[in-house]
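With the sequence shown counted from 1, adding 6 to any position gets you this note's numbering.
Quick reminder that beta carbons are idealized off the backbone N, C-alpha and C, glycines included.
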Amino acid sequence: MQKKRNVDAISVEIDYISAHDKTITGSRNGHTPLMMWCAVKSHSHEDFKRRINRSLDLAQHAVQRLQSAGINAWCNKNSITVVFPCPSEAVWKKHCLATSGGQAHLITTAHHLDASKVDALIDDVIKDARGEMIAA
7 MQKKRNVDAI
17 SVEIDYISAH
27 DKTITGSRNG
37 HTPLMMWCAV
47 KSHSHEDFKR
57 RINRSLDLAQ
67 HAVQRLQSAG
77 INAWCNKNSI
87 TVVFPCPSEA
97 VWKKHCLATS
107 GGQAHLITTA
117 HHLDASKVDA
127 LIDDVIKDAR
137 GEMIAA
């Protein structure tokens with residue numbers, strides 16, 4: 007808890023999430039590490055390997071689909087972050103994309119059980135690049 011004037015004094019704009027960080031040097035609550043520990047302890051090594059491989063495969067799938075449509079997409083080796091030119095505001099808002107410096111990115115996580123949500127995003131990015139209308 008703090009007075010508004012003190013919070014405003016430390017607040018900084020974080021462009022890639024279009025929000026202000028109003029915490030002391032990016033501090034976070036203590037509950038999140040406990041949730042992480044629980045997640046780590048509740049999965050086997052093989053579970054994590056499967057989830058990681060699925061995430062890496064999905065990132066490569068996204069890069070290949072975007073590149074095959076002529077969109078300059080890339081990700082680093084062993085990365086699940088796919089970077090591509092920032093689409094229109096309608097697309098990045100629809101898909102809640104983080105954007106910064108003319109770039110957008112998506113992160114393929116184990117929560118993506120299949121490619122359907124990533125493909126829906128890619129379909130919209132491709133349509134947007136072609137100047138086609140995007141459904142809300």
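Which of helix, strand or coil does DSSP assign to residue i?
i, result
"His26", "strand"
"Thr62", "Before going further, note that residue 62 is Leu rather than Thr in the sequence given. DSSP places Leu62 in helix when its eight states are reduced to three."
Taking the alpha-carbon positions, what's the residue i to residue j distance?
i, j, result
"His49", "Ile58", "12 Å"
"His26", "Ala15", "12 Å"
"Gly137", "Cys44", "46 Å"
"Ser122", "Lys9", "45 Å"
"His51", "Val124", "26 Å"
Nearest to residue i by CA position, among the options, is which residue?
i, options, result
"Ala126", "Lys28, Ile140, Gly108, Thr115", "Ile140"
"His111", "His117, Asp120, Ala135, Val69", "Val69"
"Lys108", "Trp98, Thr115, Ser74", "Reading off the sequence, residue 108 comes out as Gly, not Lys. Cα-wise, what sits closest to Gly108 is Trp98."
"Thr115", "Leu64, Ser106, Lys55, Val46", "Leu64"
Going along the chain, which residues of its own chain have a beta-carbon closer than 6 Å to the beta-carbon of residue i, five neighbours each way excluded?
i, result
"Ile132", "Ala75"
For the putative contact between residue i and residue j, defined by C-beta atoms under 8 Å, what is the C-beta separation to the nearest angstrom?
i, j, result
"Ile86", "Ser61", "5 Å"
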